[in-house]
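Notes follow once the structure below has been shown.
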């Protein structure tokens, strides 16, 4: 019996965050045939931390209106 993409994804999601990060890096490298840069690795870590904070309820995020209000303010747009 072959393993479907959905089954692989479900099993991967059950891995600890550090192992999911390593798997993501290996998959990225296999597709792009290059190693992640330090910047890429840092952004992956930030994204994973933010996702875990959101999923655990430590960070509830902000709504779309607040997001764009902050973007406009930070860019100096009216």
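Residue numbers (the numbering used here): 138 to 215. Note that CB positions come from ideal geometry on N, CA and C, so glycine has one too. Please read these numbers as outputs of a predicted model, since none were measured by experiment.
How about residue i and residue j: do their beta carbons lie closer than 8 Å?
| i | j | result |
| --- | --- | --- |
| residue 149 | residue 160 | yes |
| residue 174 | residue 158 | no |
| residue 154 | residue 189 | yes |
Among residues of its own chain, excluding the 5 on either side of residue i, which ones have a beta-carbon nearer than 8 Å to its beta-carbon?
| i | result |
| --- | --- |
| residue 152 | 160 |
Using alpha carbons as the reference points, say which of the options lies closest to residue i.
| i | options | result |
| --- | --- | --- |
| residue 180 | 200, 207, 156 and 162 | 162 |
Residues in the same chain with beta-carbon distance under 7 Å from residue i, minus the five sequence neighbours each way, listed in chain order, please.
| i | result |
| --- | --- |
| residue 138 | Note that residue 138 has pLDDT 46, beneath the 50 cutoff, so the model's placement of it is unreliable and no number is given. |
**OP:** Could you pull out every unbroken alpha helix (DSSP H) segment of at least 4 residues lying fully inside the region 156 to 207, listed in chain order?
**Re:** 175 to 193
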